[in-house]
Amino acid sequence: MTIIFYKTGLIQFFLDKKRMLNFLDTLGPLSFIGFILLQSAQVVAAPIPGEVTGLLGGYLYGPLLGIALSTIGLTIGSYIAFALSRTFGRPFAEKFVNKKTFKRFDYLLHHKGAFLVFLLFLIPGFPKDYLCYILGLGHLTTTEFLVIGGTGRLFGTILLTLGGNFIRQHRYISFSVLVGVAIIVVFMAMAYRDKIERVFRLWHIRSYRKKKENKSKLKAKGEAT
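For the sequence shown, the residue numbers in this note's numbering are 750 to 974.
Right, here's the structure in full:
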């Protein structure tokens, strides 16, 4: 499915800030809607990086409105990916998510760990767009997913929007500092990614086993009475 974005050249459109700016300019008063649609589309087409559209939001609309519009677009896109995966199942999701990524997060399909998922969304460097498809096959409710995804993405959205705003205001020193901090955070997250995932996996499994044991105890008590 994602091959279409490469063959049609849409992937190049999302990577070219000038082309997206021109596109939004042609929409006039509807540019808000156009930007929200761009943010939504880059989530649904998971391989497309969201950094360009995130910076674009801050560049065009400033920090407050940029964050708001990005959050709306990302939430809509996340929901679409989640809903499509839940409706059409794993064969459909695998058109967007490779088997290696599925294997990394397979434990999320078997148990329900809302706080764990929130942490995965919060940490920079994790494939959040892919997670939307994977979580659609799991046990989270739609409401839980939307709350977790929306709040979990907020940190990255704020960073990108502020970066775009600094570029618009020609505050290149501030932008450089922000990029430096972001690079350090992402580097640390990526450097310890395997350890972090291992800890999360073990935490998740232990939590599940504990809940299962508690249910067994309650069942045993019920049968005893």
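Ideal placement from N, C-alpha and C gives every residue a C-beta, glycine not left out. Because the structure is a prediction, the values reported are computed rather than measured.
Tell me whether the beta-carbon of residue i lies closer than 7 Å to the beta-carbon of residue j.
i: residue 880; j: residue 904; result: no
i: residue 826; j: residue 914; result: no
i: residue 901; j: residue 867; result: yes
i: residue 833; j: residue 788; result: no
i: residue 875; j: residue 884; result: no
i: residue 924; j: residue 916; result: yes
Identify whether residue i lies in helix, strand or coil by the three-state DSSP scheme.
i: residue 976; result: Outside the displayed range of the chain (750 to 974) lies residue 976, so it cannot be described from this structure.
i: residue 767; result: helix
i: residue 844; result: coil
i: residue 958; result: helix
i: residue 794; result: coil
i: residue 788; result: helix
i: residue 751; result: No answer about residue 751 holds up, because its pLDDT of 46 lies below 50 and its placement is not dependable.
i: residue 917; result: helix
i: residue 760; result: Note that residue 760 scores a pLDDT of 49, beneath 50, so its modelled location is shaky; the value from the coordinates is reported in the next line. In the structure shown, residue 760 sits in a helix (DSSP, three-state: H, G or I).
Assuming residue i contacts residue j (C-beta within less than 8 Å), just tell me the rounded distance between them.
i: residue 807; j: residue 911; result: 6 Å
i: residue 813; j: residue 909; result: Incorrect: roughly 14 Å between the Cβ atoms, too far for contact.
i: residue 780; j: residue 786; result: In fact, because the Cβ distance is near 10 Å, the residues do not count as touching under 8 Å.
i: residue 830; j: residue 792; result: 6 Å
i: residue 820; j: residue 906; result: 6 Å
i: residue 784; j: residue 818; result: 6 Å
Could you tell me whether any non-hydrogen atom of the ligand MG is closer than 6 Å to the CB of residue i?
i: residue 830; result: Ligands are entirely absent from the displayed structure, and the ligand MG is therefore not among its contents.
### Query
Could you give the uninterrupted runs of the alpha helix (DSSP H) lying entirely in the segment 850-914, keeping only those of 4 residues or more?
863-871, 877-884 and 891-901
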